[in-house]
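Q: Next up is a structure, given as structure tokens.
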Amino acid sequence: MPNNLKKAALKILIRLGVYKLIALILKRYSGFPIWTNLEIDIQASCNRDCEFCPRFLDRSGVRKDEHGKQILTKMSSDKVYNLIDQAHKLGFKGKIKLHRLSESLLDKRYVEFAEYIKLKGLRLLENTNGDVLKKNDALCAKLDGLIEHLTIGLYDYKNEREKQEEMAYWRSKFKKTEVAFSLPPDNCTIRQGSKVYFEVLKNPQALELPCTQPYRMILIRYDGNVSLCCEDDGCHFDLGNAFEQSIQEIWWSYKHIKIARTLEKQGGRHKFERCSRCYNGQKKVNLLEEGV
Ligand code: SF4
499 MPNNLKKAAL KILIRLGVYK LIALILKRYS GFPIWTNLEI DIQASCNRDC
549 EFCPRFLDRS GVRKDEHGKQ ILTKMSSDKV YNLIDQAHKL GFKGKIKLHR
599 LSESLLDKRY VEFAEYIKLK GLRLLENTNG DVLKKNDALC AKLDGLIEHL
649 TIGLYDYKNE REKQEEMAYW RSKFKKTEVA FSLPPDNCTI RQGSKVYFEV
699 LKNPQALELP CTQPYRMILI RYDGNVSLCC EDDGCHFDLG NAFEQSIQEI
749 WWSYKHIKIA RTLEKQGGRH KFERCSRCYN GQKKVNLLEE GV
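Here you go:
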């Protein structure tokens, strides 16, 4: 069926409430659990352009346009609150992050969303490159304790001493929030869309690994489209749009459950084109040693 006809048919089914009904049945009888990680991409941009990041080579109009210029747009506040409310109503008690392939602290609304998440009794975890926080001690103080766990990317160190100095600096800024670090220079994940993906040695055995990301994560991009996993910023699996359907309908859809159950088995990656070249799960690589 041509794509525009498919979309029209989908809209009719959504309007008729067919997906709502299927989700209710599958939620009750399929045994498929609620996600453990919810990511809401409150805005699209990032102030960095890292070679190991899947947004690096994007020219699709999702993160960058055809000329490589950044897409600058935000999810409206009412949509962000609505998604948090939906998760809360479903009894979700896991982790929320307010980014996808983006730097959420660039968004001035961050603190208000963080306070709302805390008020709802939910857990806010975050990843950041730290650049906004480095220039803003008052913001560090405001977020200390509001964010339960903060992973800070250290991207610029050249040796062990510089790495340790950066870590000590961040530990001194946060007393209540648990701080961890991601260290791409010596411990980098190979991700599709990055420049690094094409430059480092990949282990073919990784393509046989089961993948449980679709079981664990619901990832909502700034435009409402839902990604299957952290490698699917393009939302290539067409799971649905959280501005048009409830997240309950998308999560407990027949399509999503079927994909997740296929991928949890060894060899499942070969059933899907994007998964069949995904090395997620293989041992991380040392870029300093590989000379990338
Ligand atoms: S195997 Fe598929 S579902 Fe799993 S991370 Fe890779 S692209 Fe995503």
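Numbering (the numbering used here), first residue to last: 499 to 790. Cβ coordinates follow ideal geometry from the N, Cα and C atoms, glycine included.
For the alpha helix (DSSP H) containing VAL677, list its first residue and its last residue.
A: Per DSSP, VAL677 belongs to no alpha helix (DSSP H); it is in the beta strand (DSSP E), 676-680.
Q: Rounded to the nearest angstrom, how far is the Cβ of GLN541 from that of LEU581, given a contact under 8 Å?
A: That pair is no contact at about 14 Å.
Q: Could you compute how far the alpha carbon of ASN535 sits from the alpha carbon of GLY589?
A: Whole-angstrom Cα-Cα distance: 13 Å.
Q: Alpha carbon to alpha carbon, how far is GLU747 from TYR655?
A: About 44 Å.
Q: Hey, which unbroken runs of the beta strand (DSSP E) at 3 residues or more fall wholly within the segment 563-633?
A: As far as the segment 563-633 is concerned, its whole beta strand (DSSP E) runs of at least 3 residues are 593-595 and 621-626.
Q: Could you check what DSSP says for HIS734 in three-state terms: helix, strand or coil?
A: Coil, per DSSP.
Q: CB of LEU581 to nearest heavy atom of ligand 1: below 7 Å?
A: Not so, every heavy atom of ligand 1 lies at least 7 Å from the Cβ.
Q: Which complete alpha helix (DSSP H) runs does the segment 652-706 hold, if anything under 4 residues is left out?
A: Counting only runs of 4 or more, we get 658-671 and 694-697.
Q: Taking the continuous alpha helix (DSSP H) assigned at ILE520, which residues delimit it?
A: Run containing ILE520: 516-527, per the alpha helix (DSSP H) assignment.
Q: As a quick exercise: from PHE550, GLU788, GLN743 and GLU729, pick the residue whose alpha carbon is nearest that of GLY651.
A: When only C-alpha atoms are compared, the closest one is PHE550.
Q: Within the chosen definition, does the segment 751-758 reach the segment 667-685 through at least 3 CB pairs nearer than 8 Å?
A: No: fewer than three Cβ pairs fall under 8 Å.
Q: Quick one: what does DSSP say THR649 is sitting in, helix, strand or coil?
A: If DSSP states are grouped into helix, strand and coil, THR649 belongs with the strands.
Q: Please classify ARG553 as buried or exposed, where buried requires at least 16 other C-beta atoms within 10 Å of its C-beta.
A: Per the 10 Å Cβ criterion, buried.
Q: Consult DSSP for GLN541 and reduce its assignment to one of helix, strand or coil.
A: Correct three-state label for GLN541: strand.
Q: Can you look up SER774 in the DSSP assignment and give me helix, strand or coil?
A: Three-state DSSP puts SER774 in a helix.
Q: Please name the residue in LEU599, GLY619 and ASN657 whose C-alpha comes closest to that of ARG546.
A: The shortest C-alpha separation from ARG546 is found at LEU599.
Q: Once the 5 residues before and after ILE688 are set aside, which same chain residues still bring their CB inside 7 Å of it?
A: Excluding sequence neighbours, ILE688 sits near VAL694, TYR695, VAL698, LYS700, TYR777, GLN780 and VAL783.
Q: Take LEU785 and list the residues in its own chain whose beta-carbon comes closer than 6 Å to its own, dropping the five residues that flank it on each side.
A: Around LEU785: PRO683 and CYS686.
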